[in-house]
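Colleague:
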Ligand SMILES: [Ca+2]
Ligand SMILES: [Ca+2]
Ligand SMILES: [Ca+2]
Ligand SMILES: [Ca+2]
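Residue numbers (the numbering used here): 1 to 311.
#1: Is the beta carbon of residue 43 sitting closer than 7 Å to the one on residue 234?
#2: When the Cα atoms are used, what is the spatial distance from residue 127 to residue 269?
#3: Quick check: what's the CA-CA separation for residue 211 versus residue 8?
#4: How about residue 58: is its Cβ closer than 6 Å to a heavy atom in ligand 1?
#5: State yes or no: is the C-beta of residue 273 within less than 7 Å of the C-beta of residue 116?
#6: Using DSSP bridges, identify the partner residues of residue 167.
#7: What residue range is occupied by the uninterrupted alpha helix (DSSP H) comprising residue 46?
#8: Output the distance between the C-alpha atoms of residue 244 and residue 38, rounded to the nearest integer angstrom.
#9: Residue 54 and residue 146 look like a contact to me (Cβ under 8 Å); what is the Cβ gap, rounded to whole Å?
#10: Drop a sphere of 10 angstroms on the beta-carbon of residue 179, count the other beta-carbons inside from all chains shown, and report buried for 16 or more, exposed for fewer.
#11: Anyone know if the C-beta pair for residue 134 and residue 89 falls short of 7 Å?
#12: So, helix, strand or coil for residue 240, using DSSP?
#13: Tell me, which residues are paired with residue 195 by DSSP?
#14: Along the chain, where does the beta strand (DSSP E) containing residue 119 start, and where does it finish?
What follows is the structure in structure tokens.
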């Protein structure tokens, strides 16, 4: 191999290593959705004008789900429950009737989504209640997820902070504490935690709603997540909306293999609203640094030795 070509080869190999170390997505954990591709203008349109396109994130690998206000349920007067509207804590009546966008997607592609009802478990006969029970101040409107070689990123949009629950990953096999409670501290990541459930409702299917990590049995503390909460000052139904933005190290999650899925869930401590989506670990850019660094280092060493031998 001519010496000049070898030089170029070595340089190219070094550049690949450098590029691999910079394969992180550009999410800034600052309590804002701007870096996900949702500006404040779009947020206002998505919330108040029911503009579906306003909710679409920039990243082609982002998983997301939107469920603002009530789902327009054509079956509301049939067998599934008596209520067209839901309980409104502000008026003390069943008169929260506002309906909003319900879609879920990956990247720029999305489909309509039917939000299930809550099942009131305090009654023997099933009683079904639309989410968010309590009205706007209990609404969780959106969940975004994305990942790169190093981190997983989450953003929850909600009008409720007083009942902030914990984030459940991989069907609850991992939990992230989003608010100090019962001796657990915000940011703690636990493996194999037990979960507390909503005291009054389950999912429509009868499955319990995981709300917060059980402080008596939190599992193994494996790491610390970065969490920043921001007030968007964008209102819908007269209440502002907050962004809970979260970054978790993949090593804390046992380094999930690319292509695997995870059922991601978030609920208020009371269970008045919950949001969930099966998401995919699918960052697809450049191989992880360690997986290419060793072979490349070996190649560089061989080329270097040959250069020395030839010179
Ligand atoms: Ca951000
Ligand atoms: Ca709302
Ligand atoms: Ca809201
Ligand atoms: Ca919900």
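A virtual CB, placed ideally from N, CA and C, is assigned to each residue, including glycine.
If you're wondering where the values come from, they're calculated on a predicted model, not measured in any experiment.
Modeller: In short, the structure shows the following:
#1: In the chain shown, the residue the question calls residue 43 occupies position 43. In the chain shown, the residue the question calls residue 234 occupies position 234. Their beta carbons are under 7 Å apart, which means residue 43 touches residue 234 by this criterion.
#2: Numbered from its first residue, the chain shown carries residue 127 at position 127. Numbered from its first residue, the chain shown carries residue 269 at position 269. Distance between the alpha carbons of residue 127 and residue 269: 20 Å.
#3: Locating residue 211 in the chain shown gives position 211, counting from the first residue. Locating residue 8 in the chain shown gives position 8, counting from the first residue. Computed Cα separation, rounded: 56 Å.
#4: Counting from one through the chain shown, the residue named residue 58 turns up at place 58. No.
#5: As a first step, residue 273 must be located in the chain shown, where it is residue number 273. As a first step, residue 116 must be located in the chain shown, where it is residue number 116. No, these two residues do not count as a Cβ contact at 7 Å.
#6: Your numbering for residue 167 matches position 167 in the chain shown. Answer is 176, 266.
#7: Here the question's residue 46 lines up with position 46 in the chain shown. 40–48 is the extent of the alpha helix (DSSP H) around residue 46.
#8: In the chain shown, residue 244 corresponds to position 244, counting from 1. In the chain shown, residue 38 corresponds to position 38, counting from 1. Cα to Cα, the separation comes out at about 14 Å.
#9: The residue labelled residue 54 in the question sits at position 54 within the chain shown. The residue labelled residue 146 in the question sits at position 146 within the chain shown. That pair is no contact at about 18 Å.
#10: For this step, residue 179 is matched to residue 179 along the chain shown. Buried, by the Cβ-count rule.
#11: Position 134 of the chain shown, counted from the first residue, corresponds to residue 134. Position 89 of the chain shown, counted from the first residue, corresponds to residue 89. Contact: yes.
#12: Taking the first residue of the chain shown as position 1, residue 240 is located at position 240. Taken through DSSP and simplified to helix, strand or coil, residue 240 comes out as strand.
#13: For the purposes of this step, residue 195 is identified with residue 195 of the chain shown, where counting begins at 1. DSSP lists 213 as partners of residue 195.
#14: Counting from 1 along the chain shown, the entry for residue 119 is found at position 119. 118–120 is the span of the beta strand (DSSP E), which, as asked, contains residue 119.
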